[in-house]
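Chains as they are written, first to last, in our numbering: chain A, 442 to 1129; chain B, 30 to 726. Glycine included, C-beta positions come from ideal geometry on N, C-alpha and C. Notes follow the structure.
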Amino acid sequence: MKKINYKGIQGLFYALLFITSNFVASASSHREAPLIANDPLADNADVYAFRSPNDTNKITLIATYVPIQFAHGGPNYYSFGENIRYEIHVDNNVATPGDDITYRFTFHKTNQDPTTFFNIRLGAQNLKTTFTLEKSTNGGTTWTTIVNNGIVPPPNIGYRSIQTPVGLNTSYSALFNSAITTSSTGEKIFCGTADDPFFVDLGGVFDLGDLPRQTTNINDGLKFLNVSVIAIEVDIAALQKNGQGVSSATSILDPNYVIGVWASASRQQIRTLSNNGTETYSGPWVQVSRLGMPLTNEAVIPIGKKDLWNSITPYQDLAYIDSFKNSFYNPELALYMDDSLFGSAVPAFAPLRIQRNSLQAFDFGNGQDGLFSLIGSAAVAGTALDDAIFGTLLLPAAGSPRSVDLWPIFHTGVPNLAPYHLATGKAGNPLANGKPFINNFLPNGGDMLRLNMAVPITPRNDPSFSSNGLIQAAVLGLTNPLYNSTTAIQFIPNMDGFPNGRRLEDDVTKIELQAVSGVVLAAIGLWYDDYTAGGSNPLTTDLLDVLTYTTGVNNNDTSFLPSFPYVQMPWRGTAEGGGLATPFTQAACLVSAPLSTLGFATSQTMINYYPNPHTDQVIFKFNLVKSTSFKIEILDLQGRLIKTIGEGNYGSGEHQLVWKSDNFPAGIYLAKAIEGNRIVQTLKITKQ
Amino acid sequence: MKKLKYMHIQNMLPVFMMLLVVSFAKASSHREAPLISNDPLADNCDVYAFRSPNNPNKISLIATYVPIQFAHGGPNYYSFGENIRYEIHVDNNVATPGDDITYRFTFHKSNQDPTTFFNIRLGAQNLKTTYTLEKSTNGGSTWSTIVSNGIVPPPNIGARSIEGGAGLNSNYATLFNNAVTTASSGENIFCGTADDPFFVDLGGVFDLGDLPRKVGPARDGLKFLNVSVIALEVDIATLQKNGQGVSMATSILDPNYVIGVWASASRQQMRTLNPNGSESYTGPWVQVSRLGMPLTNEAVIPIGKKDLWNSITPYQDLAYLDTFKNFFYNPELALYMDNSLFGGAVPQMGALRIQRNSLQAFDFGNGHDGLYGLKGSAAVAGTALDDAIFGTLLLPAAGSPRSVDLWPIFHTGVPNLAPYHLATGKAGNPLANGKPFINNFLPNGGDMLRLNMAVPITPRDSKQFSADGLINAAVLGLTSPLYNSTTALQFIPNMDGFPNGRRLEDDVTKIELQAVSGVVLAAIGLWYDDYTAGSANPVTTDLIDVLSYSTGVNKNDTMFRRKFPYVQLPWRGTGEAGGLAVPFNQSACLISSPPPPTSKARIINPMSDPLSISNIALYPNPVIDILKVNIQTESASDIQFKVSDISGRLIKEIQAKGQEGANQFEINLSEMKMGIYIIEVLENKQQRSVHRITRSN
């Protein structure tokens, strides 16, 4: 399958050839297709791509594999598999077919002491894993080895195996940090187990879309679980098609800085089991899993086609368009966001309704025409919907209403061109030019995560930082006086967020559900049904319902690291995550725990922390009923203040702080939680 | 590999030919070997075999597969795999080679609505699974299909998918019960997802033996997790080698009623991945996983040999003796129970020490001779240690101290013959005849779970029922006046427990660790080092230390059902298990005082009456407004909550309906004063538990 030619002139008008019809796909995928669910080692979980928050000249690419890893999954703890090619693919130029840069990781295991059933004993480690990294810059024709014998940290089994002399006599953070290496071509590389940065209420969403849960407790289905992470930090100049650094970008939406990223796993065609408990692999390599955009194969592709979808590359997506297009033009999820279809069957999605009568003219319900009636009309002349510009890319046929929003988000990226400007400055005409807010257009037709590397970074500690990503940028561009008084290109916070790339923090499940319910259409001026064309305020109840929708699980179960590889260290096998909280213990403490030991519980603020005892770090979680200033002070047993954590203002809701106690001696400490000027709780913490 | 000839005369003196040396293995196995941990669908977890508590003429055989299943592992929930042969093997006659009865299950999946990504929608189910059961009674030469199109219940996704009108419009108990079927040859059969009945602190034990934990609280690593269960309930007469029912047994230790049970999974030799995302399988079938005794391949076989061990059958174990024998004669775990070796490195097992100087004569430390010095002597004449009786089975060589206890437990079963009688009545000579307590001898040399089907059942609601299994029976036989005043054969409670078969309740991790530390040797009179031969009381500190050892996780995370298939309904994807319990409440509790395991909420008589609540948890405590109550019940029942103040005044009474399975209720305390309240939980008007709750703001 050849990539579509990209005849771009400057940053504006692209002509696409040969696109007859199109489709859309989205992907985070854990156990997402029948066959790959049975081959966890080769199962792609997620892909992330973002400018490194602490190094603006670099991009971080992260692919996760081997989903739903119990921290205590011994004696053979989870890790990467041998005989598998784990690959991260980058397309930076639509004019060249296939990958422009490919990173291929292969893993090798050895037993340092095959006489024990323990994984780690007396300094020796079994199933000790190393990796080779090869790189190709010509679509896989030739390969260069850029890392040899890269180190994968051991599993974080527990205190005895990691810290004591019976084990490795070190600390997990030391093992984790020393596994970061630099390749011969300059990339920083990390391969190892980490906390799964993804978060989603798996139990709820797959119980017929019970998201947020209507009757039972919301749970992050990936809480306390680990995943195998491949992370690459690479210079923008190494990814940009002409080798240019970000300082050469002509604007923050420079079209020459768009990359498409996807990841895959491949196995050799034939596996032969022998009679002595070994196996051999032979034959050509076959792709068994892939991932670009989150949730595509999990919640868009129906079960009958999931295995096929995993087997093809993004560059083949167009050739299979007849198999998949309707899953995007008329997505299954949209059935549950439409009262005339199955909307009433999924009450959890009630705030999410699709435009059936936008501007009293356009119907985006499944099976309806959307904007198709405008095809060839003067109204779309010169816009991205003009056949002369993009062919029939965006208006392929009647009855394909979501070809104008979901499809380009997932398969081409979105150009900086009407109608894909914010409604700001459009004076009521969605097809007019308005305020630019995205350009991640790389129209090869395949499911990829697309990032414009020229878009600046929203600092993670900026109050404007939002896990709502580009949706948040659109809201600001429409409503905030800083941005909505001009159609000039401005950096709006979170323009560097999903679906313009994907940051670890981005709440992609929510954003995609909002997108299915038409929020992108609304952002460009195709407002919800309760807005009357020409009316003064398009921020109607329907729109607010969509914008305030939440899945109930909005952030990860732990923090991220401030530096590469950014993912958090893995949950420990003997810790809170390793064996689940016990209701028996809970019931037990109900019998005995007196209130006084919880400190001055004079507020509804409740602080909880874990693990206890701890070794490296302790995590505090607290729930605020209203916005307030808050901090945690760590004191030693003599009452001396030794550390203040997280001092600042916090909104209502759940928050988390971490105390890294690496540099403090073992012993007992006190943590005072202070809200305003008031101590609300004093906690006893044991560091081992 | 041919089975050893079992040339027995009556029930006493079996003679073994050609046993040069012998090996020893034990097995529960979750992710236990490198290769199979990467193929979860074909991964054996556990095997159970016990007389059915509610039908003493039947035996229940249970094999579990596909370990560590999250209840919320959607959208493609865990189940059995296609293209795999799941087999349960029974050996009832050492004179016939290989299996005497084999059950082979194969599974098939179909999509009723391939247009959705949901597993269940509008009455249709995807990956809907059915099975075929074939049976062979001639070692696999010919097969008869005894169940066609057997039903596997759907995954227990959640209320919307199971009970809801947009889902199946049913309830999970109905789906589960309807899946029990009867084979054309009379067996009751169930295949489906259930709560994993096994319990073990995985995180602790594999952190270099941190069991019970010295660091942090003990945790059941399989709590809230499901497993794929194959269960059969079979007439004893069908399993007994001559077709005899249990009423024909000559004694409760009749040697003709011993069966050996193991389970396996096999795949075809070649898997070919097709470019369109499908795969095909060809070639002969290859065994990829097996399990007989719990924990063999998890904690006995070292990593370098685990894959090989999974690939051979028990009938091949003797042929591989040189590869595996030393892991049993001198087990790795024993290194950590011996102060002269690595005992100091695993202080958690400090209570478990091996006899290094039993009766001031015998050293069972790794590398020492144990009883080998007696070989050929008059002292062992006529006992199981006599070469003329069992060949060199039990005393193969010097430096193999555990050939006399661990090896027969796992590879042959234990005969009703000295020295394998309880010390009761031996008058200080461990080699003398004493009180019989076991006969599960089926000496084919392979790792199997061996059950003497003639041993009576200890009722599950008996006060004497114990998860310590045969260890508990031995303790009673040595110490209880009911049993220790005679060497006559008596039924001692829990003689039907592991390692004589395995009941769902049996705490096999603890029992095996105790066995490694020599408790079986002690039971037959080879007492611990702090007993002086000839003195009055062999129940020494060392013995009490071993007997009172606990791993910290002593029972399953939920109860068992009272009827076939006995395993509990699976955890629900949207329940407490589907996303793990919230740490908040728990750590809030732990701040105060890590409660000892004994101070748990009093669950009153959990087994002894017809009530069905198995698990009650209330949280958070302290509570601000809404107290949540999680209750697991075995059947629908009326549940009542009584809230009283600290003076005993009844303040609030709430009636609720409990459905079978997991329930959650909320008690609103928002209008009550701050303070301490007593909450009683009643089921069908009988008190089940009492909790003290603090309301704070």
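So the candidates are the options; which of them puts its Cα closest to the Cα of residue i?
| i | options | result |
| --- | --- | --- |
| N395(B) | L507(B), F670(B), I418(B), S432(B) | S432(B) |
| E534(B) | W600(B), G306(B), F228(B) | F228(B) |
| Y94(B) | V76(B), R80(B), S81(B) | V76(B) |
| I486(B) | S666(B), L499(B), N583(B) | L499(B) |
| W600(B) | F205(B), F219(B), A100(B), L156(B) | A100(B) |
| Q709(A) | A294(B), R296(B), T301(B), Q297(B) | T301(B) |
| L364(B) | S692(A), N893(A), T557(A) | T557(A) |
| S814(A) | T824(A), L836(A), I742(A) | L836(A) |
| T267(B) | D558(B), N121(B), N713(B), R721(B) | N121(B) |
| N941(A) | P696(A), M778(A), F1105(A) | P696(A) |
| T537(A) | N579(A), F882(A), A512(A), L568(A) | N579(A) |
| Y972(A) | A690(A), R797(A), Y613(A) | R797(A) |
| V234(B) | I621(A), Y861(A), G514(A) | G514(A) |
| W291(B) | G187(B), I259(B), N583(B) | I259(B) |
| Y132(B) | T144(B), G102(B), N217(B) | N217(B) |
With respect to the beta strand (DSSP E) encompassing residue i, which residues constitute its N-terminal and C-terminal limits?
| i | result |
| --- | --- |
| P437(B) | Looking at the DSSP string, P437(B) is not in any beta strand (DSSP E); the run it does join, the alpha helix (DSSP H), is 435-440. |
| S577(A) | 569-577 |
| P645(A) | Correcting the residue type first, residue 645(A) is Gly in the shown sequence and not Pro. It is not in any beta strand (DSSP E) - G645(A) instead sits in the alpha helix (DSSP H) that spans 643-646. |
| R296(B) | 287-302 |
Using beta carbons (cut-off 8 Å, strictly below), is residue i in contact with chain B?
| i | result |
| --- | --- |
| G599(A) | yes |
| G840(A) | no |
| F511(A) | yes |
| A929(A) | no |
| V687(A) | no |
Compare the C-beta of residue i against all C-beta atoms of chain A and say whether one is closer than 8 Å.
| i | result |
| --- | --- |
| N583(B) | no |
| P183(B) | no |
| M299(B) | yes |
| I707(B) | no |
| F357(B) | no |
| N468(B) | no |
| D336(B) | yes |
| Q693(B) | yes |
Name the two residues that bound the continuous alpha helix (DSSP H) containing residue i.
| i | result |
| --- | --- |
| N73(B) | Taken as a continuous stretch (DSSP letters only), N73(B) belongs to no alpha helix (DSSP H), being part of the beta strand (DSSP E) at 73-81. |
| S213(B) | First-last for S213(B): undefined, no H or E at that position. |
Might you give, ordered along the chain, the residues of its own chain that have their beta carbon closer than 6 Å to the beta carbon of residue i, omitting 5 neighbours on each side?
| i | result |
| --- | --- |
| A1016(A) | P1052 |
| A1112(A) | I1073, I1075, L1124, I1126 |
| A153(B) | Q141, D142 |
| P430(B) | F393, H397, G399 |
| Y519(A) | V507, Q510 |
Kindly list the residues whose CB is nearer than 7 Å to the CB of residue i, restricted to its own chain and excluding five residues on each side of it in sequence; keep chain order.
| i | result |
| --- | --- |
| T453(B) | G463, K464, G506, L507, N513, T516 |
| D903(A) | P934 |
May I ask you to report which of helix, strand or coil DSSP gives residue i?
| i | result |
| --- | --- |
| M378(B) | helix |
| V949(A) | helix |
| G1040(A) | Because G1040(A) carries a pLDDT of 25, less than 50, the predicted location of this residue cannot be relied on, and no value is offered for it. |
| I677(A) | helix |
| Q1097(A) | strand |
| G910(A) | helix |
| L1111(A) | strand |
Could you work out which residues of chain E lie near residue i, taking near to mean beta carbons separated by less than 7 Å?
| i | result |
| --- | --- |
| S190(B) | Protein chains in the displayed structure are A and B, and chain E is not among them. |
Enumerate in chain order the residues of its own chain whose CB-to-CB distance from residue i is below 8 Å, with the five nearest sequence positions on each side excluded.
| i | result |
| --- | --- |
| F906(A) | T899, P900, P934, N935, E946 |
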